[in-house]
Amino acid sequence: MQHTENKKTDIISAAAELFNKYNYDAVSMNQIAKKVAITKPALYYHFKNKHELFYHCIDQTTDAFIKKTQLIILKPTASIEKKLYELILVHIQFIQEHHEFMSYMHQKSQDDKKITELIHKKRNKVAGITEILSKEMIEKK
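Residue 431 in the working numbering sits at position 137 of the sequence shown, with consecutive numbering throughout.
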């Protein structure tokens, strides 16, 4: 089971990289399979279609951003100014690294309720995390 989960993670990472570089429409399942060095049937064993794989890429990409955000905000010894500075840098870096992917993710969410719900869930999670910093700022005035 562990090997299967590792392969699934490898597939998601490779697909996210391709989606980010070439955009969703320009990437085929065949390209993803080649990048991971597996057969197309093996790819379809893990994901029923490109759309499902894209959904998982959004989930993994946004989780990585959320984790970085959490690490910054929850630093007990960092000043508020330092946390804000690091948050800005993480946001800029994320936008630079994932610009095409994010752009298409938002475009795709216009027609896809499942992706829209995932994006809202992730935004709410980020808002909950940043609320911690907001409260800290209010307390320290």
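Don't be surprised by glycine CBs; every beta carbon is placed ideally from N, CA and C. As the structure is a prediction and not an experimental result, all values here were calculated from the model.
Between the Cα of residue i and those of the options, spot the shortest distance and give me the residue it belongs to.
i	options	result
residue 394	326, 305, 319, 425	319
residue 424	347, 385, 332	385
residue 313	382, 337, 397	397
residue 420	368, 431, 392, 363	363
residue 346	418, 310, 390, 375	310
DSSP on residue i, reduced to helix/strand/coil?
i	result
residue 374	helix
residue 321	coil
residue 331	coil
residue 341	coil
If we count the other Cβ atoms within 10 Å of its Cβ and call it buried at 16 or more, is residue i buried or exposed?
i	result
residue 399	buried
residue 305	buried
residue 356	buried
residue 349	buried
residue 407	exposed
Output the distance between the C-alpha atoms of residue i and residue j, rounded to the nearest integer angstrom.
i	j	result
residue 252	residue 427	Outside the modelled stretch of the chain, which goes from 295 to 435, sits residue 252, for which no answer is possible.
residue 429	residue 336	48 Å
residue 307	residue 358	11 Å
residue 323	residue 351	14 Å
residue 378	residue 414	23 Å
residue 339	residue 353	19 Å
How far does the alpha helix (DSSP H) with residue i in it reach, from first residue to last?
i	result
residue 353	344-367
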